Every structure is written in C-alpha cells, then in structure tokens.
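Chemist: For reference, each letter of the sequence shown is one residue, going 4 to 90 in the working numbering.
Note that beta-carbon positions come from the ideal geometry of N, C-alpha and C, so glycine has one too.
Only a predicted model underlies this, so the values are computations on that prediction, with no experimental measurement involved.
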Amino acid sequence: MPYTTSEVDGYQVKNTRTGKVHAKSTSKAKADAQMRLLHGVEHGMVPRTTSQVAGLSPSKSKSKGKSKASRSKSSQTKGRSGNRGRR
C-alpha cells in the first residue's frame with residue numbers, strides 16, 4: 004500500500020515510494036476515494052470516462068451527419084456550387 008493520507012490543510016494523498024502528492028486540500032471522503040482509484044489503476048483497472056458515468060452513448064466519430072460514402076456521393080452530384088466553404 005504505497006499511498007497514504009495525511010491531514011495538512013484538509014487531507015492530501017501521497018505516494019510513499021515517490022513522494023508525489025496526488026491530491027491536496029481535499030476532504031477525507033475524497034482522499035479515500037482517490038486512494039481507491041490509485042490502487043485500482045495500479046492493479047489494471049481502467050477508469051470510466053465522464054460520458055460513461057453519465058450514461059451517454061460513446062460516439063466513435065465526430066461527424067453527426069451523413070456517412071463518408073454518402074457525403075462523397077452527394078458532393079459529386081452537387082458540383083462545386085453546393086460545396087460553399089466546406090471541404
């Protein structure tokens with residue numbers, strides 16, 4: 004157990020091997036949660052992202068419109084006049 008909490012202007016979480024401080028001026032509950040997270044990551048846990056915690060569906064691509072194939076097909080039919088400013 005290389006992490007410890009100490010009470011210094013609130014609580015801080017410190018790695019006893021490296022001396023690195025991971026959290027400071029936090030509450031006891033948050034310091035304990037930080038220690039659990041660090042122990043989990045040390046043993047192979049992958050933390051969830053904010054969108055996963057909120058229950059939002061993860062999207063792989065940033066485009067919300069048409070797929071790449073349909074975009075290329077529609078840009079061929081429109082020609083340059085329909086492409087105003089977009090690439």
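1. Under the criterion of a Cβ to heavy atom distance below 6 Å, does E45 qualify as lining the ligand NAP?
2. Please classify K17: is it buried, with 16 or more other beta-carbons within 10 angstroms of its beta-carbon, or exposed?
3. Suppose the cutoff is 6 Å on Cβ atoms and the five residues either side in sequence are ignored; what does the same chain contact list for K33 look like?
4. Name, in chain order, the residues that DSSP records as bridge partners for S30.
5. What first and last residue would you give for the beta strand (DSSP E) that runs through T8?
6. Which term fits A57, buried or exposed, when burial requires 16 or more other beta carbons within 10 angstroms of its beta carbon?
7. What's the gap between the Cα of M38 and the Cα of K23?
Modeler: Walking through what the data contain:
1. Inclusion of the ligand NAP in the displayed structure is not the case, the ligand content being empty and no account of it being possible.
2. Burial call: buried.
3. none
4. Paired residues: none, contrary to the question.
5. It spans 6 to 10 - the beta strand (DSSP E) in which T8 sits, taken as one unbroken run.
6. Looking at its Cβ environment, which holds fewer than 16 other Cβ atoms inside 10 Å, A57 is exposed.
7. The straight-line gap from Cα to Cα measures roughly 13 Å.
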